[in-house]
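Q:
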Amino acid sequence: MREFILRARTAKTGDFDINDLPSAGRMDIVCNSVSNALNIANKLREDTVMHVVLEGSPEPPKIISFHGDSIKGMLWDEKSIAEHIRNALLKSKGQSMKKEISKGHCHSVPGPSTLKVAEGLFVEKKSFEALVKEKVKEGKQVVYLHQDGKDIRETELKKDIVVVFGDYIGMPRATEGLLDRLGAERISLGPKMLFAAHCILIVHNELDRRFG
Ligand SMILES: C[S@@+](CC[C@H](N)C(=O)[O-])C[C@H]1O[C@@H](n2cnc3c(N)ncnc32)[C@H](O)[C@@H]1O
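Residue 1515 is where the sequence shown ends in our numbering, and the numbering goes up by one at each step.
1. Just to confirm the assignment: which complete alpha helix (DSSP H) runs, minimum length 4, are found wholly within the region 1385-1471?
2. May I ask you to check if the CB of Ser1336 is nearer than 6 Å to at least one heavy atom of ligand 1?
3. If I measure Cβ to Cβ from Asn1335 and keep anything under 7 Å in the same chain, skipping five residues before and after, which residues do I get?
4. My understanding is that Val1355 touches Ile1367, with C-beta atoms under 8 Å, so please give their C-beta distance in whole angstroms.
5. Give the DSSP bridge partners of Asn1342, in chain order.
6. Verify whether the separation of the beta carbon atoms of Ile1321 and Ala1385 is less than 7 Å.
7. Whole angstroms is fine: what's the gap from Glu1437's alpha carbon to Lys1365's?
8. Compute the Euclidean distance between the alpha carbons of Asn1339 and His1507, then round it to the nearest angstrom.
9. Specify, as a first and last residue, the run of the beta strand (DSSP E) that Ile1366 falls within.
10. With 16 other CB atoms within 10 Å as the buried threshold, where does Lys1419 fall?
11. Under 6 Å from any heavy atom of ligand 1, does the C-beta of Met1330 make it?
12. How long is the line joining the alpha carbons of Gly1469 and Glu1459, rounded to whole angstroms?
13. Please identify the residue among Ser1430, Phe1498, Ile1374 whose C-alpha is closest to the C-alpha of Ser1399.
14. Express the C-alpha separation of Ile1464 and Gly1452 in angstroms, rounding to a whole number.
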């Protein structure tokens, strides 16, 4: 299973205008990334899940997950993807985060806070950090895409992999520290700074070459 986690730091978590995606906290980046993660010629990538962590107003954070093996009835142009995201956000309005107190700290936990809004489409009230920690706990290889990381061509990649990356703003410093502590290796896709949506295609291509 390939999982991508895009951190969309300004993308709206409530209603937005599907005719003006850049003004919805760069929802255009989110839609292009979703398309590149799941859509290939003539079929979908059934081995892939795309998680988008939306951190814009009014109810951040929210994670929308698109499952390639079960999503149905989706057209893959920007506007259609945006319509699905908008519907998911409207259906999950007011969704609350499940909290757990441990050692005096309050943090979110995975579980019944997940809302299935359509076949293969889920919304969860959870933070980027909580999702990444969950993947590490599941024993997955987690890698962080970073221009100055180790060349992807020289890196051992597992078939079951979780790939995290930032949007136009990039990853906050504190989160980079957390990713280091969690053992997420920094992987470079080459010397140029790329768009988030482009990174997905390169990673897919590398994994396709190794695992078919
Ligand atoms: C448009 S870039 C972010 C630009 C942002 N201003 C910054 O400086 O981080 C979006 C994301 O793509 C990934 N990325 C872009 N170019 C890359 C490269 N050459 N190698 C690895 N990851 C890259 C990084 O995760 C980055 O956060």
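Backbone N, C-alpha and C define an ideal beta-carbon position, used for all residues, glycine too.
A: Considering the structure as presented:
1. With a minimum length of 4 residues, the continuous alpha helix (DSSP H) runs that stay inside the region 1385-1471 are 1431-1440.
2. Answer for Ser1336: no, Cβ out of range of ligand 1.
3. Here the set comprises Glu1381, Ala1500.
4. So it is a contact: roughly 5 Å between Cβ atoms.
5. BP columns for Asn1342 point to Leu1347.
6. Their beta carbons are under 7 Å apart, which means Ile1321 touches Ala1385 by this criterion.
7. About 15 Å.
8. Rounded to the nearest angstrom, the two C-alpha atoms are 9 Å apart.
9. Element bounds for Ile1366: 1365-1370.
10. Around the CB of Lys1419, fewer than 16 other CB atoms lie within 10 Å, so the residue is classed as exposed.
11. For ligand 1, not one heavy atom lies less than 6 Å from the Cβ of Met1330.
12. Cα-Cα distance, rounded: 22 Å.
13. Closest by alpha carbon: Ser1430.
14. Cα to Cα, Gly1452 sits roughly 17 Å from Ile1464.
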